[in-house]
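FYI, the numbering for the sequence shown is 487 to 550, going by this note's numbering. This report concerns only the one structure given below.
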Amino acid sequence: MPVIIFEGPELSLEKKERIVKEFTQLATDITNIPKEAFVIFIKENSYDNMGQGGILISEKLKLR
């Protein structure tokens with residue numbers, strides 16, 4: 487069973503559904519593995535739990 491892992495920010499249900507649908511289709515098109523074989527994990531991370539350049543991303547977004 488092939489596994490695809492997407493790790494990113496918190497997403498709406500609609501965006502998660504689109505990721506699952508489109509990633510699965512693309513992987514199937516490339517590998518010729520049936521879409522039913524794919525498992526996709528979506529790992530959501532709060533911007534309070536991510537940092538870049540020594541600063542929390544939630545703080546960087548406030549500075550915009």
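For every residue, glycine included, the Cβ atom is placed at its ideal position computed from N, Cα and C.
- Apart from the 5 residues on each side of it in sequence, V525 sits with its Cβ closer than 8 Å to the Cβ of M487, P488, V489, I490 in its chain, given in chain order.
- Exclusion of the five residues before and after I519 leaves P488, A513 as the residues of its chain whose Cβ lies within less than 8 Å of its Cβ.
- The C-beta separation of K502 from I528 comes to about 5 Å, placing the pair in contact by the 8 Å criterion.
- The three-state reading of DSSP puts N535 in helix, counting H, G and I together.
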